[in-house]
Structure formats: C-alpha cells, structure tokens
Amino acid sequence: MKWLAALAVLLGWLSPSMTDALNHGVSFSNSEIRIILSHGPSWPPNLAPDPSNRVSGDPAAIALGRQLFADPRLSRGHNRSCATCHEPNRAFTDGLARSIGIARLDRNAPSLFNLRLNRWFGWAGKSDNLWAQSLHPIVDRRELGASADLVAERIAADSALATAYQNVFGSQATTDPPETVLVNVAKALAAFQETLTSGKTPFDHFRDALAAGDRDALARYPLGAQRGLRLFIGKGQCRFCHFGPNFTNGEFHDIGMPYFIDKDRVDPGRYGGIKAVKSSRFNLLGPYNDDESRSTAGPTRHVALLHRNWGEFRIPSLRNVALTAPYMHDGSLATLADVVRHYSELNEDRLHAEGERLLRALRLTPGEIDDLVMFLRSLSVVGHGIQ
1 MKWLAALAVL
11 LGWLSPSMTD
21 ALNHGVSFSN
31 SEIRIILSHG
41 PSWPPNLAPD
51 PSNRVSGDPA
61 AIALGRQLFA
71 DPRLSRGHNR
81 SCATCHEPNR
91 AFTDGLARSI
101 GIARLDRNAP
111 SLFNLRLNRW
121 FGWAGKSDNL
131 WAQSLHPIVD
141 RRELGASADL
151 VAERIAADSA
161 LATAYQNVFG
171 SQATTDPPET
181 VLVNVAKALA
191 AFQETLTSGK
201 TPFDHFRDAL
211 AAGDRDALAR
221 YPLGAQRGLR
231 LFIGKGQCRF
241 CHFGPNFTNG
251 EFHDIGMPYF
261 IDKDRVDPGR
271 YGGIKAVKSS
281 RFNLLGPYND
291 DESRSTAGPT
301 RHVALLHRNW
311 GEFRIPSLRN
321 VALTAPYMHD
331 GSLATLADVV
341 RHYSELNEDR
351 LHAEGERLLR
361 ALRLTPGEID
371 DLVMFLRSLS
381 VVGHGIQ
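Counting in my numbering, the sequence shown tops out at residue 387, every number present.
This is the structure in structure tokens:
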C-alpha cells in the first residue's frame with residue numbers, strides 16, 4: 001500500500017526534534033505515528049456494493065430509498081417515518097436519550113453514517129445486513145408499527161411509488177407477496193443509507209499531513225487535540241476498541257454501562273442480539289439474500305451465544321461523535337465530557353471477566369479530560385446532513 005511506503009520514508013527522516021517542530025509541541029514517537037497513520041489511509045473510503053442486496057448502488061433504488069426514508073406512509077398511523085428518529089440535520093439521530101416511536105423505545109437512536117462498513121447492525125447486532133436492519137423498525141409495534149401487508153398495500157396504492165418500485169425491482173407491488181414487497185422496500189432504504197458517508201474531519205487532515213510531512217497543514221490542528229490524540233492512542237487505551245479508519249472494531253463489549261430499563265426490565269444486549277440474528281429469516285443465511293454464494297454469511301453462521309455476551313453493546317464508530325449526543329446505548333451520558341469521565345472513574349467491579357481484561361479506570365486529570373474531548377470533537381464534520 002502506498003501509505004505504508006510513505007510511512008517508511010517518513011519514519012526514516014523524522015527525528016524526535018523534527019516531530020516536535022512539525023507538531024508544534026507534541027512529539028509523537030515512531031510507534032505513535034504508526035498508530036495514527038493506521039486510522040487511514042484516506043477518508044472517505046471507496047465502498048463496493050453489498051452482494052446481499054441486488055439494488056445496492058443502483059441510482060434508481062437510492063432515489064426510491066431516499067423518498068421512502070421520509071415517507072410517513074410506512075408507519076401504521078401515517079405520522080412517523082425513518083427520519084423521525086434519524087433526522088438529517090442531527091447527523092441522523094434524534095437528540096433524545098431514548099427514541100420515541102409509537103411508544104418510548106429502550107435505546108438511543110444511533111447515527112446512520114458509514115453503515116456500509118458495519119458487519120453487525122443495531123446496538124445488540126440483531127441484524128447482519130443493512131436491509132434487515134431497515135426492515136425491523138417498520139414492523140416493530142413500538143416504532144412504526146406497520147406490517148408487510150400494510151406496506152405492500154400502501155406502495156401499490158400510490159401510482160408514483162408503484163411505478164418506482166416496478167422500475168427498481170422489475171415486478172409489481174400488487175403481485176409480489178407482501179413479505180417480498182417489505183424486503184424490497186428495506187433494500188431500497190439500505191441502498192440510500194449506504195450513500196450516507198461522513199466527510200473528511202480535522203483529524204483526517206492532520207493524519208494526511210503527518211503522512212506527507214506537510215508542516216503548514218499540521219500547524220492547523222489544535223495543540224489540545226494533539227495532546228488528546230496522544231491520550232487516545234496511549235494512556236486512554238481507546239484505540240483497542242476504536243481503531244482503523246472508522247474508529248471501531250465493529251464488535252460488542254461490556255464497558256460498565258447499566259443493563260436496566262426503567263428499573264424493572266433488563267436489556268440483555270448482545271446476548272439477545274445473537275439469539276435474534278440467528279433465528280431471523282431475514283439474515284444472510286435466509287431466502288432473501290441475493291448472493292447465492294452467501295459470501296458474507298460466515299460471521300452469522302459461526303457466531304456463538306456465550307454467557308459473557310449478556311450486557312455487551314456495540315462499539316460505535318467515533319466519526320461525527322460530537323454531533324450525536326447523548327451517548328451510549330441508553331443515552332444516559334449527555335456530553336462527550338461525561339463519556340470521558342465514565343472511563344476515567346470506571347467502576348471496575350461492575351465489569352464481567354471479559355471487560356476486566358481490557359478496561360481500567362483511567363484516572364484522568366481535568367486537563368486530560370479536556371484534551372481528550374477536544375480530540376474527539378476533531379473526528380466530526382460540523383453541519384453534516386442531507387438536503
């Protein structure tokens with residue numbers, strides 16, 4: 001890879017004193033530079049179509065999905081849509097601790113940026129593909145509360161939607177089985193959501209400047225963010241879960257957050273997610289996968305249900321994290337500073353054995369908390385949304 005060759009050259013001539021000069025006060029070691037550059041090589045990435053969705057990347061499907069995303073006719077009461085909980089002007093979140101559909105939901109609405117990079121979907125990973133994840137809220141009685149029959153009826157009843165459906169899928173909503181119509185609607189929604197890729201951030205510009213040895217560009221990255229970056233890859237140990245270009249390992253961990261919902265119910269997290277994805281007829285092993293080879297179904301086939309999965313939740317990407325408050329699966333942490341303090345003051349007795357092997361209370365100073373928050377803010381693109 002070209003960036004690895006550039007890294008070899010860079011590390012060959014970059015002395016500690018020059019690193020200090022380039023970074024205006026923060027001297028990164030060669031090993032730290034390697035870690036920083038591993039959050040690339042560049043952003044945004046080029047993404048291949050999803051083989052499980054035959055309309056992935058199809059402009060007509062994307063246009064239909066965009067229209068359906070904001071269409072309240074996918075809800076039972078004609079009064080809610082996907083965009084209700086995933087508002088474009090809020091980085092595709094809703095700003096609430098726990099979203100409200102027909103009823104109040106159990107979890108926070110995650111952002112929809114960069115979903116094509118996911119292996120699992122949702123806080124518990126109950127879906128192994130984006131179109132199945134798009135389908136569930138439509139038929140969940142607490143979210144949009146519709147059904148396959150209702151979706152098929154409403155697509156068929158609107159001549160423009162029915163025509164668009166036929167143009168994309170080559171069949172008619174009036175003759176396709178209702179469940180097929182539902183899945184096709186979800187695949188159009190997925191095709192649209194795949195286009196929601198976040199832009200280049202201040203950190204990306206710094207990372208690219210570091211690779212190129214561009215002093216002028218490096219100087220534009222705030223010193224506090226540089227100090228926070230050093231904490232992120234060092235003392236904070238954040239990089240063990242939030243690594244790579246998308247700043248996530250895409251998996252599930254116990255990070256000491258509560259399991260309880262309204263004090264009388266328990267959220268099983270990944271434990272429930274594995275049970276759901278393994279039993280779903282909409283998973284990648286099921287009849288609606290358009291990839292006959294099932295080339296992406298390996299994780300679903302082999303994922304095992306373990307007791308330690310209880311209370312584990314997805315490690316989200318940190319891209320655009322400054323735009324998606326409140327935080328965690330239950331929205332219980334209001335600000336990025338609250339998130340950092342959670343890890344700083346972590347109750348290690350609360351973790352099960354898997355978490356104990358990785359997490360320790362960081363015991364950060366107030367200044368370190370501020371620096372780490374400044375770095376996290378640099379992973380965001382202000383004003384992100386769609387027209």
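Each residue gets a CB set at the ideal place from its N, CA and C atoms; glycine is no exception.
Using a Cβ-Cβ cut-off of 7 Å (strictly less than) and excluding sequence neighbours within five positions of residue i, which residues of its own chain qualify?
i, result
"residue 195", "62"
"residue 310", "268, 269, 271"
"residue 203", "378, 379"
"residue 167", "60"
"residue 317", "114, 246, 247, 248"
"residue 142", "101, 102, 103, 105"
Return the chain-ordered list of same chain residues with a C-beta closer than 8 Å to the C-beta of residue i, the five sequence neighbours on each side being excluded.
i, result
"residue 14", "Only weak support exists for where residue 14 lies, its pLDDT of 49 falling under 50; the coordinates are left without a value."
"residue 336", "321, 322, 325, 327, 373, 376, 377"
"residue 77", "102, 145"
Classify residue i as helix, strand or coil using the three-state DSSP reduction.
i, result
"residue 247", "coil"
"residue 327", "strand"
"residue 87", "strand"
"residue 348", "helix"
"residue 180", "helix"
"residue 32", "helix"
"residue 242", "coil"
How would you label residue i, buried or exposed, when you count the other beta carbons within 10 angstroms and need 16 or more for buried?
i, result
"residue 126", "buried"
"residue 287", "exposed"
"residue 388", "A query on residue 388 cannot be resolved here, the shown segment of the chain reaching from 1 to 387 and no further."
"residue 103", "exposed"
"residue 134", "buried"
"residue 252", "buried"
"residue 200", "exposed"
"residue 137", "buried"
Counting only the same chain and skipping the five closest in sequence on each side, list residues whose C-beta sits under 6 Å from that of residue i.
i, result
"residue 57", "49"
"residue 115", "130, 193"
"residue 350", "256"
"residue 132", "282"
"residue 258", "none"
Could you pull the start and end residues of the alpha helix (DSSP H) that residue i belongs to?
i, result
"residue 110", "Segment: none, residue 110 is in no alpha helix (DSSP H) and carries neither H nor E."
"residue 226", "223-233"
"residue 283", "Per DSSP, residue 283 belongs to no alpha helix (DSSP H) and is neither H nor E."
"residue 203", "202-212"
"residue 169", "159-169"
"residue 69", "59-69"
"residue 305", "No alpha helix (DSSP H) contains residue 305, which DSSP labels as neither H nor E."
"residue 215", "215-219"
Using a beta-carbon distance below 8 Å, is residue i in contact with chain D?
i, result
"residue 193", "In the displayed structure, chain D is absent; only one protein chain is listed."
Cβ contact (3+ pairs, closer than 8 Å) linking the region 364-371 and the region 335-343: yes
Is it a yes or a no for the region 177-192 touching the region 64-71, going by three-plus beta-carbon pairs under 8 Å? yes
The region 314-325 touching the region 79-95, judged by at least three CB pairs closer than 8 Å: yes
Three or more beta-carbon pairs under 8 Å between the region 298-314 and the region 232-247, yes or no? no
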